[in-house]
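Here's the structure we're looking at; comments come further down.
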Amino acid sequence: MLNTDIESFSNFIDGAWVAEDERMDAINPASGQVIGNLPRSSRETARLAIAAAKKAQPGWAATSVWKRAEMCVAIAASIDRNRQKIARTLSQEQGKPLSEAVGEVGKAADGFRLAAELVKQLGGETLPAEDPSKLVITIRQPRGVYAIVTPWNFPVNIPVEYLGPCVATGNAAVWVPAPTTSMAAVELMRAIEEAGLPRGVVNLVMGEGPVVGDEIVSHPDVNGIGFTGSPATGQRIAERGAGKPMMLELGGNGPVIVFEDADLDAAASAVAGGAFYNAGQVCAATGRVLAHRSIVEPLAKRLVELTAAQILGDPLQQGTTMGPLNNPKVVAKIHEHVDDAVAKGATVLAGGKARPDLGSDLFYEPTVLTGVTRDMRINREETFGPIIPILEFGDDEEALDLALDSEHGLSVGVFTENLGRALRFGEAIPAGIVNVNESSTYWELHLPFGGAPGTKSGIGRLGGRLTLEAMTELKMISITRRR
Ligand code: NAD
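Under our numbering, the first residue of the sequence shown is numbered 141, with each subsequent residue one higher.
What follows is the structure, encoded as C-alpha cells:
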C-alpha cells in the first residue's frame with residue numbers, strides 16, 4: 141500500500157523541480173523505514189542537466205566577482221535560516237546525532253561565506269618577459285561545467301566544499317549526491333534556490349552513481365570533476381573522465397601514533413573522538429592506533445572508559461552520541477574486519493557486536509581491539525566504522541615502518557612531547573595531513589586537504605583558495621607594446 145505521508149522528491153534542473161518516472165526509496169537507517177521517494181534518474185536526465193548548466197554558465201561567468209560573492213553570502217544566509225530543518229533531515233537520513241548534523245550544516249554555510257571572501261582575492265599576476273616589447277599578465281577563468289559527485293558521510297558539507305568555490309568562480313555545476321543521503325541534498329538545493337541563484341547554475345540529479353554519476357563525469361560538455369568517495373570509484377572516475385581536470389578526495393586509514401612520552405589522557409580523547417565521530421564514517425577517521433608497547437595497557441584502559449561513555453541510539457534523541465551506520469554495506473565490512481581480526485588473534489576489549497535491538501541492523505557498538513597485527517584487514521583496509529584497532533610497536537623505526545606500510549595516505553595523528561620526533565614523523569609519513577598532538581580528523585575549511593601521491597587517498601588539494609584555484613584555468617595574455 142502506498143504511504144501518502146512519504147514525500148516524493150524531484151531533480152532540480154534549469155531552475156525547476158523536474159519529476160522522474162523511475163523511483164527509489166529513502167530509508168531511515170535507525171528504523172529501516174522508508175521515509176522518502178527519490179528519483180532514480182536516467183542518463184538522459186543527467187544530459188538535460190548538463191545542457192542547462194552549459195547554457196547558464198557564460199552568463200554566470202560574466203556576472204561580476206562581487207555579485208557572485210554576494211550570491212554566496214546570500215546562500216550562506218539561506219542555509220543558516222534553514223539550518224534546523226536541513227539538519228533534521230540529515231540526521232534522520234544519514235544517521236548522525238542531531239547535534240553533529242547541526243554542526244555540519246553550519247560548516248556548509250561557512251563554506252559559501254569563505255568562497256565569497258576568497259574569490260575577491262583570486263587574481264593573476266604580471267610576469268617579466270625576455271622580450272622588452274611584451275607585457276605579460278595571467279588571469280584566472282572558470283572552466284565551464286563541473287561534475288560534482290559526493291558521498292553520504294557528510295552529505296551537506298562535502299558538496300559545499302565544491303559548490304561554494306564553483307559558484308564563486310563563475311562555473312556551473314551538475315551535482316550527483318549519494319543515493320542514501322539524497323533528501324539532505326534536496327534540502328541544501330532548496331536553500332540555494334531560496335537565495336535566488338540564477339537558473340541552471342547548480343543542478344541536482346539524483347540516482348545511481350554508475351548511471352548518472354558516470355554520465356556527468358564522462359560527458360564531453362563537462363569540463364572539470366570534483367569527486368569525494370571511495371578509492372575504487374575514484375579510479376573508475378579517473379578513467380571515465382580522463383583528460384578533464386579533477387579533484388579526487390578518496391579514502392584513508394589514518395593511524396594515530398602514540399609514543400611512550402605522550403600525554404595519554406589527551407591521546408585517548410583524541411583517538412576516541414577521531415574514531416567515534418560520525419560513527420567512524422569519516423575519511424580522516426582514526427582507523428587504527430599505533431601505540432608504544434610500554435603504554436598500550438594504560439591507553440587501552442582509557443579508551444575502554446571513553447567507549448563506555450558513548451550513547452548508541454536514535455540520532456534524533458537528545459543525548460545520543462552515536463547513531464546507526466548509514467547503510468548495510470558499511471556494517472557488512474565492519475563485521476568482516478572485526479571477525480578477521482578476532483580469527484587472527486585480536487582481543488575485543490569493548491563492543492564488537494551489532495545492536496539490532498536498538499531499532500535496525502545498522503547499529504554497531506563502539507569497539508576497542510588489542511593485539512591487532514599488520515596482516516589483519518582492519519589494519520590494511522579502511523573500515524569506516526566506530527572501531528579502534530590497537531597495534532603495538534617497540535621503537536621509532538618500527539612505528540615508522542608500520543605507518544609507511546599502508547596503501548592510504550590521507551590524515552595522521554602523532555602524539556609525543558618530543559619536537560624532533562614530531563617533525564621527523566611529520567615529514568616522513570606519506571599523508572596529506574599530519575596533526576601533532578591532535579586527532580587525525582582535525583582540519584578547517586581554509587586549510588589544504590587531500591591524499592599523498594602514490595597512495596589510494598586521491599589527487600589534488602581541497603581547502604580555501606586551493607579549491608578556487610583548482611576550479612579555474614590560468615590564462616597567459618601577452619600584450620605587445622607599439623613603439
Ligand atoms: P562511493 O565511492 O561508493 O560513492 C561516492 C559517490 O560516487 C556516490 O554518490 C555514488 O553514487 C557515486 N558513484 C558510485 N559509482 C560511481 C561511478 N561508477 N561513477 C560515478 N559516480 C559513482 O563512496 P561512499 O561509500 O559513498 O563514501 C565513502 C568513501 O568516501 C570512503 O572511502 C571515504 O573515505 C571516502 N571519503 C573521502 C573523503 C575525502 O575528502 N578524502 C571524504 C569523505 C568520504
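The beta carbon of each residue, even a glycine, is placed where N, CA and C say it ideally should be.
May I ask which residues mark the beginning and end of the beta strand (DSSP E) holding residue i?
| i | result |
| --- | --- |
| Gly553 | 551 to 555 |
| Gly364 | 364 to 368 |
| Gln281 | 274 to 282 |
| Thr507 | 507 to 510 |
| Pro645 | In the structure as shown, the chain starts at 141 and stops at 623, and residue 645 therefore has no counterpart that could be examined. |
| Val519 | Inspection of the sequence shows that residue 519 is occupied by Asn rather than by Val. That residue, Asn519, is in no beta strand (DSSP E); its alpha helix (DSSP H) goes 517 to 520. |
| Leu344 | 342 to 344 |
For residue i, report the span of its alpha helix (DSSP H) as first-last.
| i | result |
| --- | --- |
| Gln234 | 223 to 234 |
| Ala318 | Element bounds for Ala318: n/a, residue is neither H nor E. |
| Asn467 | First-last for Asn467: undefined, no H or E at that position. |
| Pro198 | 183 to 202 |
| Val259 | 238 to 259 |
| Ile377 | 371 to 380 |
| Arg564 | 559 to 568 |
Check the DSSP bridge columns for residue i and list the partner residues they point to.
| i | result |
| --- | --- |
| Thr309 | DSSP, once it has assigned bridges, lists no residue as partnering Thr309. |
| Asn177 | Ser148, Asp165 |
| Ser618 | Val276 |
| His359 | The partner list for His359 (beta bridge, DSSP) is empty, contrary to what the question assumes. |
| His432 | Phe533 |
| Gly598 | Glu389 |
| Met462 | Leu452 |
| Thr487 | Thr510 |
| Ala156 | Ile153 |
| Tyr286 | Ala313, Gly364 |
| Thr626 | Any property of residue 626 remains undetermined from this structure, which presents the chain solely from 141 to 623. |
| Val574 | Val552 |
Give the single residue among the options whose Cα lies nearest to the Cα of residue i.
| i | options | result |
| --- | --- | --- |
| Glu355 | Arg621, Phe565, Arg163, Ala189 | Ala189 |
| Ala325 | Asp535, Trp583, Ile435, Val300 | Val300 |
| Ile528 | Val482, Gly364, Thr203, Thr510 | Thr510 |
| Lys236 | Tyr417, Gly603, Asp497 | Tyr417 |
| Ile474 | Ala287, Ala431, Asp501, Gly453 | Asp501 |
| Ala196 | Arg183, Asn343, Glu327, Glu210 | Asn343 |
| Ala424 | Arg605, Gly590, Glu532 | Gly590 |
| Val488 | Val471, Ala494, Gly499, Thr507 | Thr507 |
| Val357 | Gly598, Asn466, Pro385 | Pro385 |
| Glu532 | Gly598, Gly525, Gly199, Leu542 | Leu542 |
| Ser322 | Gly374, Met346, Leu262 | Met346 |
| Thr309 | Leu178, Thr290, Ile279 | Ile279 |
| Pro371 | Asn393, Arg183, Leu238 | Asn393 |
| Gly264 | Val436, Arg605, Leu452 | Arg605 |
| Arg636 | Ala156, Ser150, Pro169, Leu178 | Since the first and last residues shown for the chain are 141 and 623, residue 636 lies out of range. |
| Gly349 | Phe524, Val396, Val422, Val316 | Val316 |
| Met516 | Phe503, Ala486, Arg623, Gly499 | Ala486 |
Quick one: is the Cβ of residue i within less than 7 angstroms of any heavy atom of ligand 1?
| i | result |
| --- | --- |
| Thr185 | no |
| Pro319 | yes |
| Leu550 | yes |
| Asn575 | no |
| Gly366 | no |
| Ile524 | It is worth fixing the name first, because residue 524 is Phe in this sequence and not Ile. Under cutoff, so the answer is yes. |
| Phe252 | no |
| Asn343 | no |
| Ile377 | yes |
| Gly600 | no |
| Glu154 | Looking at the sequence provided, one finds Asp at residue 154 rather than Glu. Asp154 Cβ: outside cutoff for every heavy atom of ligand 1. |
| Glu389 | yes |
| Gly594 | no |
| Pro464 | no |
| Pro506 | no |
| Gly427 | no |
| Val242 | no |
| Gly176 | no |
| Ser370 | yes |
| Glu348 | yes |
| Gly553 | no |
| Cys293 | Reading the sequence as shown, one finds Asn at residue 293 and not Cys. Answer for Asn293: yes, Cβ within range of ligand 1. |
| Asp354 | yes |
| Ile298 | yes |
| Val140 | Outside the shown range of the chain (141 to 623) lies residue 140, about which nothing can therefore be said. |
Can you give the beta carbon distance from residue i to residue j, rounded, assuming they're within the 8 angstroms contact cut?
| i | j | result |
| --- | --- | --- |
| Ile106 | Asp480 | Any property of residue 106 remains undetermined from this structure, which presents the chain solely from 141 to 623. |
| Leu230 | Ala241 | 4 angstroms |
| His121 | Lys596 | The structure shown does not extend to residue 121, since the chain is modelled only from 141 to 623, so the question has no answer here. |
| Val285 | Asn363 | 6 angstroms |
| Leu328 | Ala248 | 7 angstroms |
| Ala201 | Ile153 | The Cβ separation is near 20 angstroms, so there is no contact. |
| Val174 | Ile146 | 6 angstroms |
| Val296 | Met211 | So it is not a contact: roughly 18 angstroms between Cβ atoms. |
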